[in-house]
Structure formats: structure tokens, C-alpha cells
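Worksheet for the structure shown next.
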Amino acid sequence: DVKVTQSSRYLVKRTGEKVFLECVQDMDHENMFWYRQDPGLGLRLIYFSYDVKMKEKGDIPEGYSVSREKKERFSLILESASTNQTSMYLCVTVGNTEAFFGQGTRLTVV
Amino acid sequence: AQSVTQLGSHVSVSEGALVLLRCNYSSSVPPYLFWYVQYPNQGLQLLLKYTSAATLVKGINDFEAEFKKSETSFHLTKPSAHMSDAAEYFCAVTPNYGGATNKLIFGTGTLLAVQP
Numbered sequence: 001d002v003k004v005t006q007s008s009r010y011l012v013k014r015t016g017e018k019v020f021l022e023c024v025q026d027m028d029h030e031n032m033f034w035y036r037q038d039p040g041l042g043l044r045l046i047y048f049s050y051d052v053k054m055k056e057k058g059d060i061p062e063g064y065s066v067s068r069e070k071k072e073r074f075s076l077i078l079e080s081a082s083t084n085q086t087s088m089y090l091c092v093t094v095g096n097t098e099a100f101f102g103q104g105t106r107l108t109v110v
Numbered sequence: 111a112q113s114v115t116q117l118g119s120h121v122s123v124s125e126g127a128l129v130l131l132r133c134n135y136s137s138s139v140p141p142y143l144f145w146y147v148q149y150p151n152q153g154l155q156l157l158l159k160y161t162s163a164a165t166l167v168k169g170i171n172d173f174e175a176e177f178k179k180s181e182t183s184f185h186l187t188k189p190s191a192h193m194s195d196a197a198e199y200f201c202a203v204t205p206n207y208g209g210a211t212n213k214l215i216f217g218t219g220t221l222l223a224v225q226p
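Just so you know, the protein sequences line up as chains A and B, in that order.
The working numbering puts the first residue of the first sequence at 1, with every later residue one more than the last.
The working numbering puts the first residue of the second sequence at 111, with every later residue one more than the last.
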């Protein structure tokens, strides 16, 4: 079974903190994605990466950055967390026309 | 560019009634299309997918969807709703040319309620 593992299930951070969300996949997929899920808004694409050290902005990249130093690991970085970044964050990898989801990280910024 | 529109953020049906969840897509290239389901407090689960083979796609739990190119639609149906079908459903699209930079674009979701 494909595993997409996000480092934390729940996080509480303070406004202004730098936050790292880590994601690791074990299927050697090139494409990895970070989404945030909010009620009524569905899943919105923040950033994606199609190769090591490559990244592309999604639809809502403001306030975020990413890092892909190794193929299996894709990190989402909140440079200075704000309360409007309170959300569920989902890491996704895609292979052979199917998407595989991490369990999600529910981030609360206080 | 691709986009997905799900008509109706909330749909309510009676147990045993037909379920119809609507999805329209926009894509400049032939698409792959997906339906995902998310049960309360759980992750997303693939229901079914269209990958340019048969236009009528059958998925898990008796759900099916039909790809209609002329209508740019991929509506999800189930003949008889069960209480256990209550969940949020997401339609998604990605281009099928297998490019390295394919994005998977989701709709805003439809919350299905099933009344006894």
C-alpha cells in the first residue's frame, strides 16, 4: 500500500511563528502537492512539485513556501503564521492516474 | 487550464431515493475525472475515476458516473441512497496527457445528507 505520511495530525502554533509541515511518501512518485481544505471552499492547491528542487505555485501560494530536497519528502513552510492560515492541510502524491492522500494536519494558529 | 464546478453545496435525499451530485468541468485538453468521498472525520477516499476508457464508470458502493463530453459533465449517481452515504463528495480533474506538471484540481464539494 502507498503510504503518505504527514508528520503531525494536530498542531497549535502562535501568530508569527515559522511552521513546518512535513510529508513523506514511499512510492517514488514525482508529483507531490499541498492543499488546504476549508468548509465550503473544497481543497485549494497551495504548491506542488514535480521533481526534486522543483516547485510550482498553486492557486493560493501567498504566505507559504515549500521545500523538496529529496524525492520522497515535500515540506510546506508557513514563514510567519497568521490566524487565517488555520486550516486542514493535506499532502497528496499522484501516480498512475490515482491520488494518494496523507491523513491531514489540522493546524490552529492562535 | 482546468476547473471544476459542483452545483449544490448541500444536497438532501431520503433513504432509498436516487442520489445525483453534479459536476461540470472545464479543460483545454482531454481530462481525467475523479469523484472522492470524505466521511466525517476521515480522509478522502477514491469513489471512481474516468481515464478515457468507458464513459460510464462504476465505483464502490453502487455509485457510478457518466462522462459526457458534449455537456462537459461528470455527474455522480446512485440508484438508492443509504444512511451510510452521508458524507462530503468532491469532484476533481486533471489533464490526461501525463505531463510532469499536472495539477489535480478539486471542486468545492457537495455535502450529502440522507434523511430516514
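Glycine residues also receive a C-beta, built at the ideal position from the N, C-alpha and C atoms.
Exclusion of the five residues before and after histidine 29/A leaves Thr93 and Gly95 as the residues of its chain whose Cβ lies within less than 6 Å of its Cβ. Interface with chain B (9 Å Cβ-Cβ cutoff): threonine 97/A is included.
Distances from the alpha-carbon of aspartate 59/A to those of Ile215/B, Gly219/B and Ser122/B put Ile215/B closest.
Threonine 108/A is positioned such that its CB atom lies closer than 9 Å to that of tyrosine 10/A. At a Cβ-Cβ threshold of 9 Å, aspartate 195/B and valine 167/B do not count as neighbours.
Neighbourhood of lysine 159/B in chain A, by CB distance below 9 Å: Thr97 and Glu98, in chain order. Pairing histidine 185/B with glutamate 17/A, the inter-Cα distance amounts to about 43 Å.
Residue state for threonine 182/B is assigned as coil, using DSSP reduced to three classes. Under the three-state reduction of DSSP, aspartate 38/A is assigned to strand. Going by DSSP, methionine 88/A is part of the beta strand (DSSP E) stretching over 87-95. Listed by position along chain A, the residues whose Cβ is nearer than 9 Å to that of leucine 214/B are Asn31, Phe33, Tyr35, Leu43, Leu45, Phe48, Val92, Val94 and Ala99. For the options Glu125/B, Val123/B, Glu181/B and Thr187/B, the alpha carbon positioned closest to that of tryptophan 145/B is the one of Thr187/B.
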